[in-house]
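Protein chains: 2
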Amino acid sequence: MTNINDIARLAGVSVSTVSRVLNNYKYVAKNKRESVLKVIEEMNYTPNKHAIDLIRGETRTIGVILPYNNNPSFDQLLNGILAKALENDFLITVLPSKYSSEKEMEYLEKLKSKLFDGIIITSRANDWETIIPYSDYGSIVSCEYTEHTEIGCSYIDRYSSFLDAFQLLKNKGHQAAAFTTARLESNSTKQMLDAYHEIFGAVPPGYHISNCQCLEDGYEAAQQFLQLPERPTAIYANGDEVAGGMYLYAKSLQMTIPADLAIIGQENQPVGIGLGLTTVDHQLMKVGEQACSLVIQKSREKVKIPYRLVERASV
Amino acid sequence: MTNINDIARLAGVSVSTVSRVLNNYKYVAKNKRESVLKVIEEMNYTPNKHAIDLIRGETRTIGVILPYNNNPSFDQLLNGILAKALENDFLITVLPSKYSSEKEMEYLEKLKSKLFDGIIITSRANDWETIIPYSDYGSIVSCEYTEHTEIGCSYIDRYSSFLDAFQLLKNKGHQAAAFTTARLESNSTKQMLDAYHEIFGAVPPGYHISNCQCLEDGYEAAQQFLQLPERPTAIYANGDEVAGGMYLYAKSLQMTIPADLAIIGQENQPVGIGLGLTTVDHQLMKVGEQACSLVIQKSREKVKIPYRLVERASV
DNA sequence: CCTTGACTTGAAATGCATTTCATAAATTAG
DNA sequence: CTAATTTATGAAATGCATTTCAAGTCAAGG
Numbered sequence: 567m568t569n570i571n572d573i574a575r576l577a578g579v580s581v582s583t584v585s586r587v588l589n590n591y592k593y594v595a596k597n598k599r600e601s602v603l604k605v606i607e608e609m610n611y612t613p614n615k616h617a618i619d620l621i622r623g624e625t626r627t628i629g630v631i632l633p634y635n636n637n638p639s640f641d642q643l644l645n646g647i648l649a650k651a652l653e654n655d656f657l658i659t660v661l662p663s664k665y666s667s668e669k670e671m672e673y674l675e676k677l678k679s680k681l682f683d684g685i686i687i688t689s690r691a692n693d694w695e696t697i698i699p700y701s702d703y704g705s706i707v708s709c710e711y712t713e714h715t716e717i718g719c720s721y722i723d724r725y726s727s728f729l730d731a732f733q734l735l736k737n738k739g740h741q742a743a744a745f746t747t748a749r750l751e752s753n754s755t756k757q758m759l760d761a762y763h764e765i766f767g768a769v770p771p772g773y774h775i776s777n778c779q780c781l782e783d784g785y786e787a788a789q790q791f792l793q794l795p796e797r798p799t800a801i802y803a804n805g806d807e808v809a810g811g812m813y814l815y816a817k818s819l820q821m822t823i824p825a826d827l828a829i830i831g832q833e834n835q836p837v838g839i840g841l842g843l844t845t846v847d848h849q850l851m852k853v854g855e856q857a858c859s860l861v862i863q864k865s866r867e868k869v870k871i872p873y874r875l876v877e878r879a880s881v
Numbered sequence: 567m568t569n570i571n572d573i574a575r576l577a578g579v580s581v582s583t584v585s586r587v588l589n590n591y592k593y594v595a596k597n598k599r600e601s602v603l604k605v606i607e608e609m610n611y612t613p614n615k616h617a618i619d620l621i622r623g624e625t626r627t628i629g630v631i632l633p634y635n636n637n638p639s640f641d642q643l644l645n646g647i648l649a650k651a652l653e654n655d656f657l658i659t660v661l662p663s664k665y666s667s668e669k670e671m672e673y674l675e676k677l678k679s680k681l682f683d684g685i686i687i688t689s690r691a692n693d694w695e696t697i698i699p700y701s702d703y704g705s706i707v708s709c710e711y712t713e714h715t716e717i718g719c720s721y722i723d724r725y726s727s728f729l730d731a732f733q734l735l736k737n738k739g740h741q742a743a744a745f746t747t748a749r750l751e752s753n754s755t756k757q758m759l760d761a762y763h764e765i766f767g768a769v770p771p772g773y774h775i776s777n778c779q780c781l782e783d784g785y786e787a788a789q790q791f792l793q794l795p796e797r798p799t800a801i802y803a804n805g806d807e808v809a810g811g812m813y814l815y816a817k818s819l820q821m822t823i824p825a826d827l828a829i830i831g832q833e834n835q836p837v838g839i840g841l842g843l844t845t846v847d848h849q850l851m852k853v854g855e856q857a858c859s860l861v862i863q864k865s866r867e868k869v870k871i872p873y874r875l876v877e878r879a880s881v
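Chains A and C are the protein sequences, given in the same order.
The first sequence begins at 567 in our numbering and counts up by one.
The second sequence begins at 567 in our numbering and counts up by one.
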């Protein structure tokens, strides 16, 4: 492989001059610049990125830890991140964790080893106490709120959004609502439960099903909800795909939406648009964009992204 | 920042010995190994990845060029790639191209600059002639078939799959079918048209709508198809989300599926499963896995991934 | 007692580009 | 016509870990 020394030798200049040409510094004599460029062209030379990164101590690459990548919510986040990264000429490396704390640590170690300039944590398996020391080695931005000042946040006030959604259902006359969540241990689930208590009080037995991710999960959840002795009149689904599954099951029973059953979804996804579902749009794409911006700016700000209640015909 | 020299000095050994400890070579005296590890621990030292990559000339990172990342098909590909990469301890950097040939070249230049060990091209904007020279700098694997021996391929015989799908429709008594495609210039569209001609002959006016990607596009396409004077009795949708949109539109007209209208989708996606759509499953996840394997093995094989016709109730 | 092989270790070369420092020539300002 | 800039260039230091080479110790085998 030809390197900068070869180019310098062949062009009859020093490596410094070649480097200057490479980096478009002024103060290189026109004829020298040209002969260097000519040799570069002839030798088909491209500088080695590792040598550059090594000396500059910067990579313009951001690692994105995300538990699942086949999940519409994380896809939206990733989308926003990619868009902003592209705009700023940063590269994104996807770091699938499956909520394994070991994997997560492995990725944080890579930040320490300088592979990334920063890391975005879309969802985490480890305690903040474990993660924080790594903020010495690059900016760490979370898509979930935390008070720790070492961590930048691009987050949603999920609690309020859940309050709003439940209030909407209550206003429409529902005394309770069934609901689904993803991971039982997640922060989001905790906020959901808090909001539920705030608006409706105790959760009736069978009204909460967790581990829902996709349309099929929603279909099954609806099946279970509608078999309960105290049939719910409204359901909050943690995602429009899940909501879509519920919709389809209800339709299969000839039920009318929202007269027989109100359904409210989340994230304003294609299926929801197609089926005309009312939805809580957390604007995850914007969350992703903001998270990426924070990493790029090495900022530790806490930025709250507004959510929107999109009212359509299912409530 | 503390480096390997500091560790060596503090542990009273040479850098070679530290390196040996770092890389778990045997033939390091037990007491020296221990004292090196102790110093590493104390100094909170992590080797610089760029220095390692520079000298090893390897990164265990693969770049994945994909035009859009918010597209279910590319998501499935990426999914397979990520799964296989994780398994083999490789990292994936996502390279969004939006079909810009400049961007694509930029990414190929990064391969040349040693940032990646290889690149997977899920879909491309440039000619093979432009791309091929870069195969000198790392393995390039395509998710589309090409005869060029420099390029590994993990591909689907789309032509045959389209033939099968159209034949299925014909067997059910349809004399023609409307269909949607994504990009008009794509290889896939070309194969689609060829297969159509083979089975049904000329495409009736208005029977082909391109630039369909999502559920809404399908909804609108169905609207257009069903307004035609010669109403199609069957539709092939280039994706289950698109098919889902068509299904919903047809249902909104109180049509019965498949009696009034047969719909066949593609990629076996959640919506399709939920709606019970017959679909051509190109097994894109497997395509992605195989593509990743080929890059890892630096293989230039051409591997055809079998597709499956999943018959459900919409045809 | 000598040879052979296993074990240990460090010096130095290697991979590659950037940047600082020093120096020199050519301009411009006063 | 000096003094001060601006322009131009190269040597050498820097960033950091791996690997080869050479050489040495020690124990086992003959």
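Beta carbons: idealized from backbone N, C-alpha and C, even for Gly.
In the DSSP assignment, the alpha helix (DSSP H) including residue i goes from what residue to what residue?
i: residue 771/C; result: No alpha helix (DSSP H) holds residue 771/C; DSSP gives it neither H nor E.
i: residue 847/A; result: Looking at the DSSP string, residue 847/A is not in any alpha helix (DSSP H); the run it does join, the beta strand (DSSP E), is 844–847.
i: residue 602/C; result: 596–609
i: residue 865/A; result: No alpha helix (DSSP H) contains residue 865/A, which DSSP labels as neither H nor E.
i: residue 647/C; result: 638–653
i: residue 567/A; result: No alpha helix (DSSP H) contains residue 567/A, which DSSP labels as neither H nor E.
i: residue 581/C; result: 581–588
i: residue 680/A; result: Neither: residue 680/A is in no alpha helix (DSSP H) and is coded neither H nor E.
i: residue 695/A; result: 694–697
i: residue 615/A; result: 615–622
Under 6 Å Cβ to Cβ from residue i, same chain only, skipping five residues before and after it: list those, please.
i: residue 717/A; result: 706, 708
i: residue 667/A; result: 691, 692
i: residue 584/C; result: 570, 573, 574, 602
i: residue 865/C; result: 718
i: residue 824/C; result: 880, 881
i: residue 755/C; result: 747
Between which two residues does the beta strand (DSSP E) carrying residue i extend?
i: residue 627/A; result: 627–632
i: residue 745/A; result: 744–746
i: residue 870/C; result: 868–871
i: residue 684/C; result: 684–687
i: residue 662/C; result: 657–662
i: residue 749/C; result: No beta strand (DSSP E) contains residue 749/C, which DSSP labels as neither H nor E.
i: residue 514/C; result: In the structure as shown, chain C begins at 567 and stops at 881. Residue 514/C is therefore absent and cannot be evaluated.
i: residue 721/C; result: 718–722
i: residue 707/C; result: 705–708
Should residue i be labelled buried (16 or more other beta-carbon atoms within 10 Å of its own) or exposed?
i: residue 599/C; result: buried
i: residue 880/A; result: buried
i: residue 805/C; result: buried
i: residue 842/C; result: exposed
i: residue 871/A; result: buried
i: residue 822/A; result: exposed
i: residue 803/C; result: buried
i: residue 827/C; result: buried
i: residue 655/A; result: exposed
i: residue 819/A; result: exposed
i: residue 623/C; result: exposed
So which residues of chain C does residue i contact, with C-beta pairs closer than 9 Å?
i: residue 914/A; result: Given that chain A is displayed from residue 567 to residue 881, the structure contains no residue 914/A and the question cannot be resolved.
i: residue 679/A; result: 612, 613, 614, 615, 616, 618
Keeping to the same chain, check which residues put their C-beta closer than 7 Å to that of residue i; ignore five residues upstream and five downstream.
i: residue 677/C; result: 629, 685, 700, 703, 704
i: residue 662/A; result: 632, 635
i: residue 859/A; result: 650
i: residue 588/C; result: 613
i: residue 720/A; result: 707, 709, 853, 856, 857, 860, 869, 871
i: residue 727/A; result: 846, 848, 873
Leaving aside the five residues before and after residue i along the sequence, list all residues of the same chain whose C-beta is less than 8 Å from its C-beta, in chain order.
i: residue 637/C; result: 779
i: residue 571/C; result: 581
i: residue 733/A; result: 765
i: residue 671/A; result: 692, 696
i: residue 782/C; result: 811
i: residue 694/A; result: 712, 714, 717
What residues from chain A crowd round residue i, counting only those whose CB sits closer than 7 Å?
i: residue 780/C; result: 836
i: residue 807/C; result: 836
Which residues in chain C sit within 7 Å of residue i, going by Cβ to Cβ distance?
i: residue 660/A; result: 648, 658, 660
What residue ranges within the stretch 778–846 of chain C form continuous alpha helix (DSSP H) runs of no fewer than 4 residues, ordered along the chain?
-> 781–793, 806–818, 836–841
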